[in-house]
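In my numbering, the protein residues as written are 70 to 196.
Virtual Cβ for every residue (Gly too), placed ideally from N, Cα, C.
Scroll down for the structure; my scribbles are underneath it.
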């Protein structure tokens, strides 16, 4: 009975929760210490997992939180008004696209990599 419930709940029930479940659902009244001994004996103790904060999976905040930049200038700025190098906020979507295209060109053609000492596409074309 305990093994079946542990499989259903993906081994997340500890001895206290299992004791409550047995008492409320199954009508089995046992000492919690007895439940603990049974779970230890048959290897049915809960797996300890770290608690995670729930987030909407398709939200923009989730995408930004999952981004990890290696270098300081690799950051992606979504609010162009707060970007330190901009003198004005872009007025249209085409201006934003043009800025992104210029950055991609800079990243591939002009940015010098620390490890190789040359730009990525220069290195690729030289091989």
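- Here residue 70 is exposed, its C-beta having fewer than 16 other C-beta atoms within 10 Å.
- C-alpha of residue 72 to C-alpha of residue 120: approximately 23 Å in a straight line.
- With 16 or more other CB atoms across the displayed protein chains lying within 10 angstroms of its CB, residue 84 is buried.
- The C-beta distance from residue 105 to residue 99 rounds to 10 Å, too long to fall under 8 Å, and the pair is not in contact.
- At the C-beta level, residue 192 and residue 177 stay beyond 8 Å of one another.
- Taking the CA atoms as reference points, residue 169 sits about 44 Å from residue 117.
- By the Cβ neighbour-count rule, residue 77 is exposed, with fewer than 16 other Cβ atoms within 10 Å of its own.
- Each residue's CA atom was taken as its position, placing residue 185 and residue 161 some 37 Å apart.
- Residue 94 has its alpha-carbon roughly 22 Å from the corresponding atom of residue 112.
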